[in-house]
Amino acid sequence: MFSRFLKYIVPPFTFRVFFRRIFYSNLKKVPLEKPLLFVGNHQNSFVDGILVGSYLPQPIHFTMRADMFKKPFARFCLRELNVAPVYRIEEGLENVHKNLETFTGIYNILRKNGNFIMFSEGICVQEKRLQKLRKGTARLAFGAEEKFGLDVNIVPVGINYTYPAQFRKEVMINFHDPFSIKELKDIYMKSPARGLLAFNEKCDAGLRKEVIIIEDPKNDWLAEQLLKMERNNMILPFFRWRFDTDDRRKAEKSVADKINFLAKESPEEIEALREKVKNYSDMLASGRLRDENFARRLNLGWLRYLAVIAGFPLFLAGYISNLLPFIIPGSVCDKLIRDKRFYSSVYISSGTVLYLIYFPLLLILAGVFAGWTGFLLGLLVPLAGYMVLFYQEIFRERIRTLRFSIKSVTSKSLVDDLTLKRNEIQSILDNIEIV
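Each residue of the sequence shown is one higher than the one before, starting from 47 at the first, in the numbering used here.
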């Protein structure tokens, strides 16, 4: 019941605040009438599972490593969120047998045409790489077919964050083509080991088509710079926060694939590209300029300056009335969370709980001290707080644009040089053909 309540709170409100944009694409590929096992990559603790299930018509269930269930309160909350424990070898060989109980629970859900998301990497890592898949998901899928003949459909799903541990960034979720466990049943019946391997290979191949991967860690910095440039090339509707298109992920995936190809086929060329990008980035930093100003020119800029000036009183009212919810979650995470993998999870959960307490109290106090007028004004506080986020974004963008406009006059040669360098980098990237 708690998970159903949160389904009406977290996706439309919490995620709308925490994420600047969510790209949730190709859900139409998913056979929702079938029992489903979603196989996803794992970067962001339990946020991954909630994100995948947020816009499905039926409740999502997912697994989490068993050591997260040690404390009674955590165990209660996770159970209410439809999370089941998985015992890994790392938790002790003596506990692995407890997975039988977890599997039984999963089978019962699948028998009712339910779904589970499995993070087959078995570990949460915040990097643009895919870890080796473990065999637990394969055993579960074949077990469901052997015991009950459920024809479970497996759906690889790519979860890609721009910055998984930061507020107001983006996430891209894309569903790959599903496959039925029956497709691999004959292989499994002849040789269970080969069946498990074939299952993992099929899931791995699907994930690699959906996940933005940088194969060599030494190219992470280069990839980050080029990915930022690619994002800046796209102009998206300002107030829109959820998209059904996969264009953004495809664009970033193309950049990553080109980097991987160039690194493998022509080390000299990628080093030359790295040097050009470093030179461009250093010049931007020394001039206190941003790539976004060279990538595009925003229309109706004067309206944004007007919005900054005219909207300041509303910004102030929204910020003050939401001061505690703005400050506390970030402060809690900064002080208590040492592992960035859990930053977003704690931020989202603490922020949600805090606002569920804060907002009713605010309405009560407003009604007591200011009557119906205060109560009605109190109802506008969440909207005012939400608009504060956009005001801050417009304000920062206008400051950067103003600085760019001034530099275009006072340091025209610098701006022209940077424009040429960016165009050169973009041309190199556009002309890379993967064969």
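No residue lacks a Cβ here, since even glycine has one placed at the ideal position from N, Cα and C.
At what residues does the alpha helix (DSSP H) containing tyrosine 365 begin and finish? For tyrosine 365, the enclosing alpha helix (DSSP H) stretches over residues 358-367.
Classify valine 455: buried if its beta carbon has 16 or more other beta carbons within 10 angstroms, exposed otherwise. The residue is exposed, with fewer than 16 neighbouring Cβ atoms inside 10 Å.
Determine whether the beta carbon atoms of asparagine 145 and tyrosine 133 lie at a separation below 7 Å. A contact, by the Cβ cut-off of 7 Å.
If we call anything under 7 Å between Cβ atoms a contact, is alanine 297 one with glutamate 276? Going by C-beta atoms, alanine 297 is nearer than 7 Å to glutamate 276.
Give the range of the alpha helix (DSSP H) segment to which arginine 157 is assigned. Annotation: the continuous alpha helix (DSSP H) that includes arginine 157 extends over 145-157.
First and last residue of the beta strand (DSSP E) that includes isoleucine 66? Residue 66 is actually arginine in this sequence, not isoleucine. It spans 65-71 - the beta strand (DSSP E) in which arginine 66 sits, taken as one unbroken run.
Beta-carbon contacts of tyrosine 234 that lie in its chain and below 6 Å, excluding the five residues immediately before and after: Cβ neighbours of tyrosine 234 beyond the five flanking positions: Phe188, Gly241.
Please classify glutamine 89: is it buried, with 16 or more other beta-carbons within 10 angstroms of its beta-carbon, or exposed? It counts as buried.
Where arginine 294 and leucine 139 are concerned, what is the direct C-alpha to C-alpha distance, given to the nearest angstrom? Roughly 43 Å separates the two Cα atoms.
What residue does the beta strand (DSSP E) around isoleucine 205 start on, and which one ends it? If you look at isoleucine 205, you'll find it in the beta strand (DSSP E) that goes 199-207.
Integer Cβ distance of phenylalanine 162 from isoleucine 169, believed to fall under 8 Å: About 18 Å separates the two Cβ atoms, so there is no contact after all.
Spatial neighbours of alanine 211 within its chain, please: CB distance less than 7 Å, with the 5 preceding and 5 following residues excluded, ordered by chain position. So the list reads Gln172, Lys386, Tyr389, Ser390, once near-sequence residues are dropped.
Once you ignore the five residues that flank proline 371 on each side, which residues in its own chain have a CB closer than 8 Å to its CB? Around proline 371: Gly397, Leu400, Tyr401, Tyr404, Gly431.
List the residues that DSSP assigns as beta-bridge partners of asparagine 220. Paired residues: Ser71, Gly204.
Top-ranked residue by Cα proximity to methionine 110, from Phe165, Gly86, Ser100: Among Phe165, Gly86, Ser100, the Cα nearest to that of methionine 110 is on Phe165.
When the distance is taken between beta carbons, is glycine 86 closer than 7 Å to isoleucine 205? Yes.
Closest Cα partner of cysteine 123 within the set Phe92, Gly333, Thr291: For the set Phe92, Gly333, Thr291, the Cα lying nearest the Cα of cysteine 123 is the one of Phe92.
Please report the residue range of the beta strand (DSSP E) in which glycine 131 lies. According to the sequence shown, residue 131 is proline rather than glycine. Here the beta strand (DSSP E) through proline 131 covers 129-132.
Can you name, in chain order, every residue of its own chain whose Cβ lies under 8 Å from the Cβ of leucine 127, other than the five neighbours on each side? A distance below 8 Å between beta-carbons, with the five flanking residues on each side excluded, links leucine 127 to the following residues of its chain, in chain order: Phe48, Ser49, Leu52, Phe92, Ile96.
When you compare only the Cα positions, how much space is there between lysine 228 and leucine 196? Each residue's Cα considered, the two are about 9 Å apart.
Please state the DSSP three-state secondary structure of arginine 384. DSSP places arginine 384 in the coil class of the three-state scheme, outside both helix and strand.
Can you look up lysine 274 in the DSSP assignment and give me helix, strand or coil? Note: lysine 274 maps to helix in three-state DSSP.
Applying the criterion that 16 or more other CB atoms from any shown protein chain within 10 Å of the CB defines a buried residue, is glutamate 167 buried or exposed? Buried is the label assigned to glutamate 167, since at least 16 other Cβ atoms lie within 10 Å of its Cβ.
Sequence-distant residues of the same chain with beta carbon closer than 7 Å to alanine 244, five excluded per side: Take alanine 244, set aside five residues on each side of it, and the residues of its chain with a beta-carbon closer than 7 Å to its own are Leu230, Ile233, in chain order.
For leucine 423, which residues in the same chain have their Cβ closer than 8 Å to its Cβ, ignoring the five residues on either side in sequence? Hits under 8 Å: Ala412, Ala416.
Use the C-beta contact count for arginine 286: other C-beta atoms within 10 angstroms, 16 or more gives buried, fewer gives exposed. Exposed, since its Cβ has fewer than 16 Cβ neighbours within 10 Å.
Helix or strand or just coil, what does DSSP make of lysine 215? Of the three classes helix, strand and coil, the one that applies to lysine 215 here is strand, per DSSP.
Who are the Cβ neighbours of histidine 222 in its own chain at under 8 Å, not counting the five residues just before and after it? Correct list, in chain order: Asn72, Lys75, Val201, Pro202, Val203, Gly204, Gly252, Leu253, Lys255, Glu256.
Of the residues Arg320, Gln472, Ser226, the one placed nearest proline 81, counting alpha carbons only: Of all alpha-carbon atoms in Arg320, Gln472, Ser226, the one lying nearest the alpha-carbon of proline 81 is that of Ser226.
Which residue marks the beginning of the beta strand (DSSP E) containing isoleucine 163, and which one marks its end? Segment 161-164, the beta strand (DSSP E) holding isoleucine 163.
Confirm, please, whether the CB-CB distance from alanine 302 to isoleucine 366 is below 7 Å. Their beta carbons are not under 7 Å apart, which means isoleucine 366 does not touch alanine 302 by this criterion.
Could you check what DSSP says for glycine 168 in three-state terms: helix, strand or coil? Of the three classes helix, strand and coil, the one that applies to glycine 168 here is coil, per DSSP.
Lysine 310: which of Ile480, Lys178, Asn246 sits nearest, CA to CA? Here the closest residue by C-alpha is Ile480.
Quick one: what does DSSP say arginine 342 is sitting in, helix, strand or coil? Coil.
Roughly how many whole angstroms lie between the Cα atoms of lysine 117 and arginine 67? Going by C-alpha positions, lysine 117 is about 34 Å away from arginine 67.
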